[in-house]
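Novice: Starting off with a structure, shown below.
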Amino acid sequence: MIGRTLAIYFGRRFLTSVLGIFIGCAFLIMLIDFLELSRRVGERDVDSATLLLLVLYRVPYFTEQLLPFAVLFGAIGTFLTLSRRLELVVARSAGVSAWQFIAPACILALLLGVFSTTVYNPLSAEFKERASRIEAEIFNRQTGLFASTTGGYWIRQQSVDGEAIIQAAAQSDRGRQLSGVNVFLFGGDGKLLERIEARTATLEEGAWRLSDVRVLTPEIGLQAYDTYMVATNLTPNQIQDRLQAQTVSFWDLPAAIDAATRIGFGADRYRLQYQSLLARPMLLLAMVLIAASVSLRVFRFGGIGQTILGGVVAGFLLYVFTKLAEDLGEVGAVHPVMAAWFPAVVGALMGVLILLHREDG
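Just remember that the numbering used here sits 1374 ahead of the position in the sequence shown, which is counted from 1.
Listed below in structure tokens is the structure:
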């Protein structure tokens, strides 16, 4: 049986490796996001402190998607280092099996998953909402004719005025308030009727209320309005579902599911997000088992490079399979519970199967 001291040692090495990769990638994401936001704000009067605060508020949302890869690469790095230094060989000679010395990493992966779901996700959702408010304030300051951007948020709607595509540089109040808005209004024949540019758009009952508006039509040309109304068939819950389904806090998701079900609005996205967060510890455990299945080979046997590449590819395919299952769950093709849990459970079972084959024959 593995001793307490050895278990703490293996666990500390794994946790240090995972946190090192996670923090390093987070800093890289912050740098890239800072440069991208600097490009988006252009010549607007935004100081660096505000921009840096916006980046800090946005980074938890982005790094949530990074955690499975941090666990995968951290586990691979830990097991390879222990193997290269022959520490695993010594542990094996002392009667410690592979299952015993990967147990600390498995337990820590489960705990990291629980922490990510119950603490980090609510923090990420709160910071994302704060970032949305700051973005709205920044883009509310813009003057003149508003330039179209390729980023931001996109909404497609059908109303009595025809089909419309709405692009916004920023959103707040869970999608009810848009800033830096471009609206492309099409007729029944698919021909572009109007291009509308506005400082803000506020969702009201049956319509968007646009402020500080420029309307460009082929027949009349450019006209300016203080306010302008664009009909919509979208409700606040639908807007929130399209823009904010993945940014609702874990603790708020049950209430969101109940509210969407009560009004007869599809709650599959909320159910899928809730089940995905519940399944996150199992997904991280699967990453550790996959890493262990490719990283416990003794260095003197050779073929380490190909083995590591196989582990990275397997982890990436598991992540892609997870996202594919979530997409199927969003459209209702697969039940949300199945879509969220099946990839993680299959990945964990595959890791166990490979380890059983390699360690126990």
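We put the CB at the ideal spot given by N, CA and C, even for glycine. Source: prediction; values computed, not measured.
Where Gly1451 and Val1470 are concerned, what is the direct C-alpha to C-alpha distance, given to the nearest angstrom?
Specialist: Their Cα atoms are separated by approximately 20 Å.
Novice: Pull up the CB-CB distance for Ala1465 and Leu1380, whole angstroms please, since I reckon it's below 8 Å.
Specialist: With 8 Å as the limit, Ala1465 and Leu1380 qualify as a contact, their Cβ atoms being about 7 Å apart.
Novice: Do three or more CB pairs link the region 1565-1574 to the region 1541-1556 at distances below 8 Å?
Specialist: Enough Cβ pairs lie closer than 8 Å, so yes.
Novice: In or out: Trp1625 buried (at least 16 other Cβ within 10 Å) or exposed?
Specialist: Exposed.
Novice: Going along the chain, which residues of its own chain have a beta-carbon closer than 7 Å to the beta-carbon of Ala1605, five neighbours each way excluded?
Specialist: So the list reads Ser1533, Val1534, Asp1535, Gly1580 and Ala1581, once near-sequence residues are dropped.
Novice: For Leu1441, which option in Leu1456, Leu1683, Leu1486 and Thr1455 has the closest C-alpha, if you only look at C-alpha atoms?
Specialist: The candidate whose alpha carbon is nearest that of Leu1441 is Leu1486.
Novice: Going by DSSP, name the residue or residues bridged to Arg1530.
Specialist: BP columns for Arg1530 point to Ile1539.
Novice: Determine, for Val1464, whether the minimum Cβ-Cβ distance to residues of chain C falls below 8 Å.
Specialist: Judged by its chain identifiers, the structure shown contains no chain C, having just a single protein chain.
Novice: Per the DSSP calculation, Arg1583 is bridged to which residue(s)?
Specialist: Bridge partners of Arg1583: Thr1576 and Met1603.
Novice: What residues are listed by DSSP as bridge partners for Arg1458?
Specialist: Answer is none; Arg1458 lacks a bridge partner.
Novice: In terms of DSSP beta bridges, what is Ser1546 paired with?
Specialist: DSSP lists Gln1551 as partners of Ser1546.
Novice: Determine the contact status of Ile1508 and Leu1393, defining contact as a CB-CB distance below 8 Å.
Specialist: In this structure, Leu1393 does not lie closer than 8 Å to Ile1508 by Cβ.
Novice: Identify which residue in Gln1649, Ala1400, Val1668 and Ala1688 has its Cα closest to the Cα of Glu1704.
Specialist: Checking every option, the nearest Cα to that of Glu1704 belongs to Gln1649.
Novice: So who's on the other strand from Phe1501, going by DSSP bridges?
Specialist: Answer is none; Phe1501 lacks a bridge partner.
Novice: Is it right to say Asp1642 is buried, meaning 16 or more other beta carbons lie within 10 angstroms of its own, or is it exposed?
Specialist: It counts as buried.
Novice: From which residue to which residue does the alpha helix (DSSP H) around Phe1396 run?
Specialist: From DSSP, the alpha helix (DSSP H) with Phe1396 extends over Arg1378 to Val1415.
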